[in-house]
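Numbering-wise, this note's numbering puts 74 at position 74 of the sequence shown, and it's gapless, one number per residue. Inspection log for the structure reproduced underneath, given as structure tokens.
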Amino acid sequence: ATPCYEIEGPWGGNGGIPWTEGTYTKITGITIRHADAVDAIAVRYALHGHAISGTKQGGTGGGVSTIDFANDEYLTQITGHYGNESGVNVIKSLTFTTNITKYGPYGSTNGTAFTSGGKGKIVGFYGRAAQLLDNLGVYSLQD
């Protein structure tokens, strides 16, 4: 059977440059740069057992937080906020929920809240970014 992907989002503003990283077998980890907003994310993936590092999407500001998922752990939902940062509508905070636990929030939890559906597993990201993460969306594999 052909896998059925659902595209969710994007949430946030329309600044920055569009990017997409497509879909993978699973997400193995995420590095987030954040302060008052989310400066950047870099996602680590596995594709049929091979490790693939996604490109850092965003700028170089903020502090760094790194998440490494366990072998049996997978991403089920992202939640967060978007709003004004220096006159631009950007991602303000991100929280990552897996089948085991929750990571975050990273950034500041003010602005407009958003949440992905939480059904199936998230297997890819897309969005817009420049100096900050302008917007973010997910590709999820439906159960």
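Heads up, the beta-carbon is just placed ideally off N, CA and C, and yes, glycines get one too.
| Item | Value |
| --- | --- |
| Among all the DSSP beta bridges, which residues are the ones paired with K102? | T97 |
| Bridge partners of H48, per DSSP? | Its beta-bridge partners do not exist; DSSP assigns none. |
| Where in the segment 11-60 do unbroken runs of the beta strand (DSSP E), each at least 3 residues long, occur, reported from the N-terminal end onward? | 17-20, 26-34, 38-47, 50-53 |
| Quick one: using the 10 Å Cβ neighbour count with 16 as the cut-off for buried, is K119 buried or exposed? | exposed |
| Apply the 10 Å Cβ neighbour rule to A70 and answer buried if 16 or more other Cβ atoms are within range, or exposed otherwise. | exposed |
| Looking at the structure shown, is L141 part of a helix, part of a strand, or coil, going by DSSP? | strand |
| Would you list the one or two residues that DSSP bridges to D68? | G29 |
| S65 and T109 - do their beta-carbons sit closer together than 9 angstroms? | no |
| Here's a check: name, in chain order, each residue in its chain whose Cβ is nearer than 6 angstroms to the Cβ of R44, leaving out the five neighbours to either side. | T28, G29, S53 |
| With a CB to CB cut of under 8 angstroms and the five nearest residues on each side skipped, what residues in its chain are close to L47? | Y24, T25 |
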